[in-house]
Each structure stands twice: as structure tokens, then as C-alpha cells.
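Heads up: the structure comes next, in C-alpha cells.
Take a look at the structure:
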């Protein structure tokens, strides 16, 4: 089949790939011939490069996978025979010769972990005590390298705690090796502290999301109860229905599990909310809805649309004479779902709105700022609310969320 | 046939597609209809949409042509296309819906916690999509050339232009309705003419020109290996098609994803009755149509050949309309899902990026289509399925059903499958059709097991790299959703 379309297409693709590979390799080779400076410059570069490589591996804290990769870099940095990293409970990584010492390292490091001071052990100190196992047996490896190596064991101090040790093994433990090992241990400590900082930053973000979410519900409860209260004398039956709707609404918003929900659930919640609002505004509130079924199962942050609709009702229509119209749309936009909420109410002053969203001014737009902040926290800065408005011109709020959110359970 | 009628049919289908895409959602609802508006797509609709997107040029034109040429051996194609959905139903539909990932690269990244796997999967998915669009464009070129006498390129360009315009201008916002409409259009356009022809032949007592078992081209029957290899390609290839999987996200949960797949099985089975009928009627009453290189056009020519006159023209126009619906629906489905992948992974994901990506995903295959010549449509699509089965399918199946899969294993497996299958395709092209060995012509039977084996072995060797998030992801994939009643 010389002319088959697929085969020709595939051939073109393979040839393109081959050209790309050749060009890539060629560039690499060319680059390696470039002038890289004096020996001192090269040594500085090598040291810093090894340190930054190792640093990347340690960014998730002291764990076996990261420590194993980092120990390889650090051993070349120190130029020793073997290098080990431990935490407080066990050996995380061992790189280089003399693995026969590995089982006894924690024992040797016990003093360092407890006292926090660097220990220097002369060659042979790592051997099992003579009474326990005769030389040449289990404690010593077949080559017996462990017996001729001295060890420098330096503590890794994060804050005031000792979180592990760095142990370097070399034929002799000179002052140079002792000082360098101490510095490497301190450097590892800085990386561990950075990792802890990362962890606490993400914890802080989670806590902020929870705090923002807790802020919303009381705001709405207050308004709804006022609306229902106005019917208790004039129309008790309706007031009863409204209380039932309200109960359903609160069951949704007080639910315990999950910070996320589906668009369909959130729309159902908006329906109940609007029922309560219409109890108060009557026919003044008109709502139309256009939703693409493809995006109904999109996951969105819990209670992220209802505050926007609430904003449209309160700040768009309440201050206005005559009926107001709210349009809610949800569209399929490639890898995103796009939701818009539009009202033809009094609008807002953009400058003031910007101040509110930035958190500089205290306004009535608590809901807007809240939703905006949550969207930015969850999906990144480019997914904040987009608001088109001017005084007297109504308001259009657009929200874009990615359809694919494997990490978020609705 | 009359070129004007055919052109009118093409124009009507294109306009109807665009119109439904634009206005399908324009019906605004008031608050009273809140529940109606926020109700999810029914499995029936969604199944029709999947059928509409899935039934491509190969199904509409290729299968009938192949039956005309090689008889019962060609029946393995519709069998494989349909049975692929059984695999999807059993192994992939519900867990993938529960994963929350929207595209295959999203899924592999979430499952294996690795950006590199995402990159490789995106590359493979884009490649599969492009290769799959090329036969659609060849089909369009063939259809336009045969029915209107215009040059071949006009058909391919027409499809690309219509698809680009509708996708870029937001006309695919109600893509589910468009695709569902296309399924029923294709079914009608194929079923009505053949039923009319059969009754016409019975009514006029036209004598059979050849026995059904005759072999008009003298082609050698295919062997066991070829049929097994083809079935492997079609069964496993269906699992990895990017445009098919995206449709499942319209289902609200895993259970309705399963129900949808079941209905799709029924819809496809009904559909494939008709290409088979065309092939058979062609064999018995119009064996003259069995010319090599033109068998794919048999569906288009049969009404004119057997009925003729104005009635034949009208029936042909209906078939042309259905064929164009097939090209448009499959191409637009592929373009939309490819544009999603390209805009996210290459262009950083924005509204403008999506449009650019959509144009890119349609124009690149157009270039491929110009450089190459159309051959048997069913065969080319079969090769795309083999490629998918050797790359995307193993990573999906093992990702869903095996806890031990690692990122390195997945990449190694996809690379092995892709290189072996792609290599076989190219080697086949270089050595020419006549002396191509069977195992190169139908590579799936050995490339698919090879991809699986490499993936498993490399994963075993790098078992330390099983991501820490694996237990949580696996739980999510396989735990049935809470019933809605308790969730409220």
C-alpha cells in the first residue's frame, strides 16, 4: 500500500521526529564545546549546580525518594566514599560503598541525634563489638570496606530540633571533611525548613477556604428569615412552604462533606433561594436560564454561584424601581465551563468595586469578594470573577472553571 | 447523478448542523422551568450523540464497500466497531466518569501524578486524532468527486471550513444535540434508500446478476491471523478514542455512563444492519460497482444504479446528506476534543487559545489529506484503531485496573506500542501493497500485547515510583457514587 494516507502521514511524522532529534543532539554537542571559563569558575559552578540539584530533591522534606537522589549529589560534593542521610527513626538513603555499615548507622548516630553535636568516629569504630560477632561475619560485608572507613556524623537541625543526620564516610576524617560535612548538614536543614514552610502555606490556604465558606451561610440565613417572617401573619400557608424550602436549602448549605459541588446541585440551591426571594419581591424578580447540559456535572466550589445571584438581586434590583431581570447562563467553552450571571439593575462604580474585591473597602459586596477569593485560591489567579459593570448599566459577572478537576470530589 | 441535488444536500446538512449548534440552546427558560433546565442529559440523548460522533466515514461508506469487495470477511469490521463498546462498558465507562478527569491526559496525570506522562499522552492523543480525521477528509473528497464531478480537494476543504467555522464561532456549544441529530440523520439517510431499493427490486422482479457468494474481484479470503488482529485492534482501539471518551462526562454519574453505553451498543447494532444490506444488495444486483479504488463510493452510487431517474437522484441526495453528516460529526467531535488538549497543554488554556487550537487541529490533517491519496476507508480507520489500541488503551486499562502502574512504565509502554505500530505502518508503506506480509498489514495482534507487556514489566521494575496518591485515586475510580437522595 504505497499510497495509503495513514502510512504517508506516519512517515512524515517520523521523519520530522528524526530531524528534531538530530537537531537537538547537535545543539547539545555544540554546547559542550563552548568555553566554560577558568577552573575556579567551573568548580564554583559544579558545586552550586550539585547543591541546587540536591535542593530540588529535598523540597518535599526528608523522605526516602528525595534523600536517595540528593545523597548522590551530596556525595560528589563532599568527595567521600559513602554518604548517608537519616531521619530520627531510620536510614533514609545510603549512597556509595560500605553498605555493611548501614544496619549499625542508627546506633552510631544515636548520640548525635540526642546531643545535636557532630561526632567523628575513627576507622574501625563502625565494627560490631568483638563479643557479638567475630570479624568477617554478618556485621562486616564480604569486602570488609566498612572497617577501614572513618565517619563524620553531623546533625540536621531544623529550628531547635534535630530532625536527622548526614553521615560521611572516608578513609580518614580530616578537619576539612568535618567542616564540610557540618556545612552540608546545615544546608540540608535549610531545605527541610523550606519544605515545612511549603506545607504550612498549603495548610493556611485550606484554612482560609474554610473560613470564607463559613462566612457565607449566616449572611443568607439572616435575609431569608426576614423574608419568611413577613408572611407569618398575612399568609401562614405560604410561610410554612417557605420554611420547608428554607429547611431544604439549609440542609444543602450546612452539609458537612466536601468543599465542592456540581453545577446542577448549585442551580437547585439557587432555585430554592429565588423562591425565598420572590416571596419578598413578588413579580419584580424575573429570571431566565440557559444551561448547556454538558456542563451540569462540572465540579465547582460549594456555594460559589448562589452569592453571585444574591448579589444580583440585592445590589442590582433592590435599589431599582420596577421589575428587574436576571439571566443565568452556563456554556461549554472547550476545556472550561463558563457561567454568567447578568442583571439589568443599578450597576456599580468600577473603581469602588475594585477596592471591594481587593479587600480595601468594606462594602455590601461581601459575597462577591468571597467567591472571587475562593476561585482564585482553588484555580489560580486567572480564574477570578470577571465583572462588567457601570452605574445604571447593570452587571455581568463571568466565572470560568476548568471542567477537569480530578482532585476535587463533588 | 445530478450535481445540483447533491450540492443542495451537502449545503442543507451543513446549515442544519450549524443552526442546531447555534440555536439548540437559545431557548431560554423562566424560573418555573428551573428543574427542567438543570436536568442532565438523558442517557438516550447522550447515546445518540455518542453514536453520531462515532459513526464515521469508515462506517458509512467503507463497510459497505468492503463487503462488496470481500464478502463476509468484511463483517468483522462492524462486529469489531460495535463490540468495542462492550469493552468500554465493561472496563472503562463508569470508572473514567468517576475520575473527574475531562480528557485522557488529565486522567493519566491524575492517576500517575506525573507531568511527563501527561505530555506523552497528549502527544499520542493529538496524533491519534489527526490520523483519524484524515480518512474523514478522504471520504468527503471521494463523495464530492463522485457525486458532483468537482475536484477532490473541494470536499475536504468544505468539511474543514464548515467544522472550523462552527467550532470557532461557538457553534458547538450544544454539541450533544448536534451529534444526536447527526446519528438519526445518518440512520435515516442509510435506511430509507436501501429499504426503498429492496422493495423496488422485489416489486419489479429485477433478476439477480450474481449469486451472493460470488467473488467479484477475485480477492483472496483473509486468514485467521488477519481477522484476530483486526478484532484486537477494533476491540481495544475503541477504548482510547479521544472524542468518544469526552462524551461520557455529560453523564451525571458512573451508573448513567453504563446505561448510556448499553444504549449505544443497541444503536450501533441497528445502524450496522444497513451497510451490510448495501454490501449484499450491491453484490447480488450491481456487481459492476466492485472496482478497486471505487468500492467506497458504492453506497453513493447504488440508488442511481438500481433505481435511476428522479427517484434515484433524490435517494442519492439523501445518502450524500448522511455521508456528510458522518464526516462533519466525527471531524467536529475530534476537533473539539483535540482543541481542548492542544489549548491546555501547548497554548496554556484561554478562550483565544481554544480557537487557534481548533483551527490547528483541523488544518493539519487537511495537509496530510492533500499529501496522500484515499484508499480503502475501513482499512485506514482500522489502522488508526490499531495505533490507539497499542498506545492509549493499555494506559487506560492498566491505570484503571492495576494498582502497580507507574509513570515510567506508562511512558515506556506507550512509546513501545507507538513505535512498533507506527513502524509497522511505515514499513508497510515502504514495501508496497503487493509484498506486504500479513503481520505488518495488521500489526495489532503483536503490538498491543507488546505494549501491555512493556508497561507491566517496566512498572514492576520501577515499583518504587507508584505514586502516593494511588490509593485515593483508585478508591475514587471504583467506589459507586452516593445515591442522590442521601446527598441532599
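Residue numbers (the working numbering), protein chains in the order written: chain A, 91 to 500; chain B, 19 to 506. Yeah, the Cβ is synthetic: ideal placement off N, Cα and C, and Gly gets one too.
With fewer than 16 other Cβ atoms inside 10 Å of its own Cβ, residue 261 (chain A) counts as exposed. Secondary structure note for residue 363 (chain B): its alpha helix (DSSP H) is the uninterrupted segment 327-363. Boundaries for residue 259 (chain A): no alpha helix (DSSP H) harbours it, while the beta strand (DSSP E) harbouring it runs 251-260, taken from the DSSP string. Counting along the chain, residue 415 (chain A) sits inside no alpha helix (DSSP H); it lies in the beta strand (DSSP E) bounded by residues 414-423. Under the three-state reduction of DSSP output, residue 376 (chain A) falls in the strand class. Nearest neighbour of residue 377 (chain A) by Cα position, chosen from A:424, A:413, A:242, turns out to be A:413. Relative to residue 374 (chain A), the option among A:358, A:411, A:175, A:147 whose CA is nearest is A:411.
Here residue 275 (chain B) really is in contact with residue 266 (chain B); their C-beta atoms are around 5 Å apart, less than 8 Å. At least one beta carbon of chain B lies nearer than 8 Å to the beta carbon of residue 495 (chain A). Burial state of residue 483 (chain A) is exposed, judged by a 10 Å Cβ sphere holding fewer than 16 other Cβ atoms. Assignment of residue 294 (chain A) by DSSP, reduced to helix, strand and coil, places it in the helix class. Taking a C-beta cut-off of 9 Å against chain B, the contacting residues of the region 386-401 of chain A are 386, 387, 388, 389, listed in chain order. Interface annotation, residue 340 (chain A): not in contact with chain B, CB-CB separation never under 8 Å. The way I'd put it, the region 200-207 of chain B does touch the region 326-343 of chain B; three or more beta-carbon pairs between them come closer than 8 Å. Counting only Cβ-Cβ distances below 7 Å, residue 98 (chain A) has contacts in chain B at 389, 390, 447, in chain order. Under the DSSP assignment, residue 166 (chain A) falls in the alpha helix (DSSP H) whose first and last residues are 154-168. Residue burial annotation: residue 118 (chain A) is exposed, with fewer than 16 other C-beta atoms found within 10 angstroms of its C-beta.
Between residue 160 (chain A) and chain B, the shortest Cβ-Cβ separation is not below 8 Å.
Boundaries of the alpha helix (DSSP H) around residue 433 (chain B): 425-449. In the displayed model, residue 474 (chain A) falls within coil according to three-state DSSP, outside both helix and strand.
Under the Cβ distance rule, residue 244 (chain A) does not count among the residues neighbouring chain B, no pair being separated by less than 8 Å.
For residue 118 (chain B), the number of other beta carbons within 10 angstroms of its own is at least 16, and it is reported as buried.
Rounded to the nearest whole angstrom, the CA to CA distance from residue 128 (chain A) to residue 168 (chain A) is 21 Å. Residues of chain B with a Cβ closer than 7 Å to the Cβ of residue 104 (chain A) are, in chain order, 440, 444. Within the same chain, and ignoring the five residues on either side of residue 446 (chain B) in sequence, the residues whose Cβ sits closer than 7 Å to its Cβ are 454, 458, 459.
Of the candidates B:300, B:493, B:334, B:434, the residue whose Cα lies closest to the Cα of residue 421 (chain B) is B:493.
Look at residue 406 (chain A): its C-beta is not under 8 Å from any C-beta on chain B. Excluding residues up to 5 positions away in sequence, 192, 195, 196, 199 lie with their Cβ nearer than 8 Å to the Cβ of residue 38 (chain B) in the same chain.
When the beta-carbon positions are compared, residue 390 (chain A) and residue 443 (chain A) stay at least 8 Å from each other. Beta-bridge annotation (DSSP): residue 282 (chain A) is not paired with any residue. 417, 421, 422, 423, 424, 425, 426: these are the residues of the region 414-428 of chain A whose beta carbon lies less than 8 Å from some beta carbon of chain B, given in chain order. Inclusion of residue 318 (chain A) and residue 339 (chain A) in the CB contact set at 8 Å is not warranted, their separation being larger than that value. For residue 241 (chain A), the enclosing beta strand (DSSP E) has its first and last residue at 240-248.
Counting every other CB atom within 10 Å of its CB across the protein chains shown gives residue 197 (chain A) a total below 16, marking it as exposed. At least one CB atom of chain B sits nearer than 8 Å to the CB of residue 499 (chain A). Taking a beta-carbon distance threshold of 8 Å, residue 110 (chain A) does not count as an interface residue toward chain B.
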